[in-house]
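Asks: Just so you know, the protein sequences line up as chains A and B, in that order. Sequence positions in the first sequence follow numbering that gives the first Met the number 0 and run 0 to 261. Sequence positions in the second sequence follow numbering that gives the first Met the number 0 and run 0 to 426. Below is the structure I would like to discuss, written out as structure tokens.
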Amino acid sequence: MIETFQLAKRFKKFEAVKDVTFRAEAGEVFGLLGPNGAGKTTTLRMLATVLSPSSGTATVSGYDIRTQANAVRAHLGILVESAGLYSHSTTREHLRYVGNLHGLNGSGLERRIDELIEVLDMGDFADRIGQGFSRGMIRKVVMGMALVHDPPNIILDEPTQGLDVVSTRTVRDLIRQFKAEGRCVILSTHIMDEVERLCDRVAIVHRGEILEKGTPQELIAKYQADNLETAFVEIIGAEALLNEAQREAEREAQQQKSGRRS
Amino acid sequence: MSLRRVYWIVLRKELRELLRDKRSLFWLFAPPIILPGLALCAGLFIGSQALRIANDGFPLAVQHGERAPGLLETFANEDSIYLVDLPPDDPDVDPFDEALVLLVIPDDFQQMIDAGNTATIRLLTRDNSLITQLAKASVRSVIGRYQDQVLEQRLISAGLDRDWLDPIEVNEGRQAVANTIGVNSNGADGEADDGPGLLATIFLPLAVTSWMIGGGMGLILDTTVGEKDRQTIENLLVTPASRAGIVLGKLTVVFFASVAVMSLWMLEGLALNALSVASPQLLDAESLTPTETLDILAKSSGNVVGLVLALIILIVPFIIMLNGIMMAWSARAANYREANLFMVLMQLGLPASILITIFSLPATVSLPVYGVPFFGTIVAIRDLFSSTLSTTALLINVSTGSLYAALAIGLAAWVFNKEWSLTRGLQ
């Protein structure tokens, strides 16, 4: 179970996350939705103890992220949106490295690695080094790294990004399996169809605040929409989404410009 | 999980990554292996060419040699010169077809010599190549010897001898300093043998520069800011692994690589130093067996074991300190650009400050100087090579150097543990 209590994060004068409070139960898939820059990733990073909150707190399986960071890390697996791999380590070595850092070793760890390689369909590249992996292959390895210690709570940030149709179905089946196994899953994605299919409840986040919470059906009914995507646009506001898209495009152009300069 | 276990896990992983990374290995080890090899090959090639020509004799053409019979005879008796016959006053013959140097003797040469005046001869060459320069130097040296003969005759005819021209004779020697490391005193008169010379002192800047430019520093960047660049750092941060263990594991791999590279440079420096000290003996000897050559080199190396040991205990804390500072900065840097900026500053600043320290500080400095971070070690190594480093100075430097190394590791671990450094550059 993951629970947040008025969680907030401030970067100098910018308030990235403001008083976010929600509760994701064990055996539940909880969706965190919002446009780019809404504060979703910052919230997830605080839950994973990568960032510390400016105020408020959260618990993961009852452990406080502020005071029991190591216990939180042991009970949580996180698939980071932009995570990469080491160039000269194989898929198997990546999984073993993270497993070792979680205190696992021996035949138990090797069995778990074999299991993940099979479940995530990584057999073809299990013993290849990470250099030259496709985006989809990288996502699979990183997902394996998030799951290697068999955590009861799982955070998935854009888990199907860059995956082909078959791999996407595998990941979705895996999320359903996590739910069936009684794990708590927080899913952050832009694919509304995926949210509708997988999430039991969702929270709509915009500019660091939760604007709405409920099941997808409740939100669709409340905003008299045909689907969750329409309800989402209603909640955030079409103008706000356009502005966000424009800001995002400008940011990307700026990044490309500075990339060319470097 | 214990710090020691995290340390071993990270150490093994970083070592594996390094050993598989051919590009990093090349940049680490290529400069100390390839550069001296290339220099040696170039030296051997030039030396063999020069030796071959010296054995055959440099071809010299003398125009109107009959006007200076004494000088001509001196040239004829010289093994390193080969006199080329020139047909008299034939404008179609180019003397440089066969000769590297042309000497033109004036009409009044012998009259001027006999009258006790200065005779002027012209020495001409066609090009400025190394061989021509060597030929010119050889011709000038023979002229110098003939000039000595003429001078001696003039002194005798004036009722003077050679000592009249050299009223002072200087006898050089080195006074042994008590309780120093790397000194061979010959005992009786308290004089020291020639220890490693100035040549060896340039190997510290070379070694440090090599470490920085040749990949050692790049390795630190790769293991710290590289984690941000590859976006692997978050996978590391979400594990319960001790941050200090991670830093120590990474630092250890970089340390071993740095020590390996610097040791190569140092060994080459010591070998070259022994060669430079032994070269007069080696050149004077008529013929030497390989065993005799090695014996001369070993004797010329001075107290090599003591020197190497002292060098190791001086340089180990020094390397750890530099690596720790670099790691602290790299851990804070948001990306390679930021880290590279600091690296460029180090690449320019460190060798420059080492050279300034070696050549500008006085030969004898007070003991507290050996405790100054960075500079103290440079001065200590300088003094070690010039055989003036006292045991007290060595102890001061090693103890303070170890303290600074521990502080630098602490700084790196502290920065690596801070959210403001680790999250800079996260996407």
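For every residue, glycine included, the Cβ atom is placed at its ideal position computed from N, Cα and C.
Name the residue from A:139, A:165, A:219 and A:118 whose alpha carbon lies nearest to the alpha carbon of residue 176 of chain A.
Replies: A:118
Asks: Tell me which residues of the segment 225-237 of chain B have at least one Cβ-Cβ distance to chain A shorter than 8 Å, keeping chain order.
Replies: 229, 230, 231, 233, 234, 235, 236 and 237
Asks: If you run the structure through DSSP and keep just helix, strand and coil, what is residue 185 of chain B?
Replies: The predicted model places residue 185 of chain B with a pLDDT of 43, which falls under 50 and marks its position as unreliable, so this point remains unresolved.
Asks: Starting from residue 215 of chain A, trace the alpha helix (DSSP H) both ways and give me its first and last residue.
Replies: Segment 215-221, the alpha helix (DSSP H) holding residue 215 of chain A.
Asks: With respect to the alpha helix (DSSP H) encompassing residue 223 of chain B, which residues constitute its N-terminal and C-terminal limits?
Replies: Premise fails: residue 223 of chain B is in no alpha helix (DSSP H) and is neither H nor E.
Asks: Beta strand (DSSP E) containing residue 14 of chain A: first to last residue?
Replies: Where residue 14 of chain A is concerned, the enclosing beta strand (DSSP E) stretches over 13-23.
Asks: Where do the N-terminal and C-terminal ends of the alpha helix (DSSP H) with residue 415 of chain B fall, by residue?
Replies: Secondary structure note for residue 415 of chain B: its alpha helix (DSSP H) is the uninterrupted segment 390-415.
Asks: Taking only three categories from DSSP, how would you classify residue 230 of chain B?
Replies: In the structure shown, residue 230 of chain B falls within a coil segment according to DSSP collapsed to helix, strand and coil.
Asks: Flag residue 198 of chain B as yes if its beta-carbon sits less than 9 Å from any beta-carbon of chain A, otherwise no.
Replies: Low confidence applies to residue 198 of chain B: its pLDDT is 49, below 50, so where it sits in the model is not reliable enough to give any reading.
Asks: Report the option in A:58, A:182 and A:180 whose CA atom is closest to the CA atom of residue 69 of chain A.
Replies: Checking every option, the nearest Cα to that of residue 69 of chain A belongs to A:58.
Asks: Quick one: what does DSSP say residue 152 of chain A is sitting in, helix, strand or coil?
Replies: strand
Asks: Quick check on the DSSP output: what are the complete alpha helix (DSSP H) runs of length 4 or more inside the segment 161-207 of chain A, in order along the chain?
Replies: 164-179 and 191-197
Asks: Straight-line CA distance for residue 14 of chain A to residue 154 of chain A?
Replies: 23 Å
Asks: So who's on the other strand from residue 1 of chain A, going by DSSP bridges?
Replies: A:23 and A:59
Asks: Against residue 72 of chain A, what residues of chain B qualify as contacts under a CB-to-CB distance less than 8 Å, listed in chain order?
Replies: 237, 238 and 239
Asks: Could you give the first and the last residue of the continuous beta strand (DSSP E) run that contains residue 58 of chain B?
Replies: 57-62
Asks: Which value, in whole angstroms, describes the spacing of the CA atoms of residue 194 of chain A and residue 122 of chain A?
Replies: 29 Å
Asks: At what residues does the beta strand (DSSP E) containing residue 30 of chain A begin and finish?
Replies: 28-32
Asks: Is the shortest distance between the beta-carbon of residue 133 of chain A and the beta-carbons of chain B less than 9 Å?
Replies: It does not; no Cβ of chain B falls within 9 Å.
Asks: I want to verify the contact list: residues of chain B whose CB lies under 8 Å from the CB of residue 96 of chain A, in sequence order.
Replies: Residues of chain B passing the Cβ test: 8 and 12.
Asks: Thinking residue 82 of chain A and residue 334 of chain B are a contact (beta carbons under 8 Å), I'd like their distance in whole angstroms, please.
Replies: That belief does not hold up - the Cβ atoms of residue 82 of chain A and residue 334 of chain B are roughly 16 Å apart, past 8 Å.
Asks: Could you name the residues of chain B that residue 47 of chain A contacts, counting a contact when the two beta carbons are closer than 9 Å?
Replies: Counting only Cβ-Cβ distances below 9 Å, residue 47 of chain A has contacts in chain B at 233, 236 and 237, in chain order.
Asks: Can you tell me whether DSSP reads residue 140 of chain A as helix, strand or coil?
Replies: helix
Asks: How many Å lie between residue 103 of chain A and residue 4 of chain A at the Cα?
Replies: 32 Å
Asks: Please report the distance separating the alpha-carbon of residue 185 of chain A from that of residue 79 of chain A.
Replies: 12 Å
Asks: Buried or exposed for residue 96 of chain B, please, with buried defined as at least 16 other CB atoms from any protein chain shown within 10 angstroms of its CB.
Replies: Around the beta-carbon of residue 96 of chain B, fewer than 16 other beta-carbon atoms lie within 10 Å, marking it exposed.
Asks: Using a C-beta to C-beta distance shorter than 9 Å, which residues of chain B count as neighbours of residue 101 of chain A?
Replies: 0, 238, 239 and 240
Asks: Classify residue 163 of chain A as buried or exposed, calling it buried when 16 or more other Cβ atoms lie within 10 Å of its own Cβ.
Replies: exposed
Asks: Could you name the residues of the segment 113-130 of chain B whose beta carbon sits closer than 8 Å to any beta carbon of chain A, in the order they occur along the chain?
Replies: none
Asks: Just the chain B side, please: which residues come within less than 8 Å of residue 87 of chain A by C-beta, in chain order?
Replies: 15, 16, 19 and 20
Asks: Shortest alpha-carbon distance to residue 307 of chain B belongs to which of B:386, B:362 and B:231?
Replies: B:386
Asks: I'd like the span of the alpha helix (DSSP H) that includes residue 9 of chain B, first residue to last.
Replies: 2-19
Asks: Quick one: Cα of residue 18 of chain B to Cα of residue 297 of chain B, how far?
Replies: 35 Å
Asks: Name, please, each residue of chain B whose Cβ falls closer than 7 Å to the Cβ of residue 112 of chain A.
Replies: Chain B residues near residue 112 of chain A: none, gap ~15 Å exceeds 7 Å.
Asks: Kindly list, in the order they appear in chain B, the residues whose Cβ is closer than 7 Å to that of residue 69 of chain A.
Replies: 239
Asks: Using a Cβ-Cβ cut-off of less than 7 Å, list which residues of the segment 391-424 of chain B approach chain A; keep chain order.
Replies: 418 and 422
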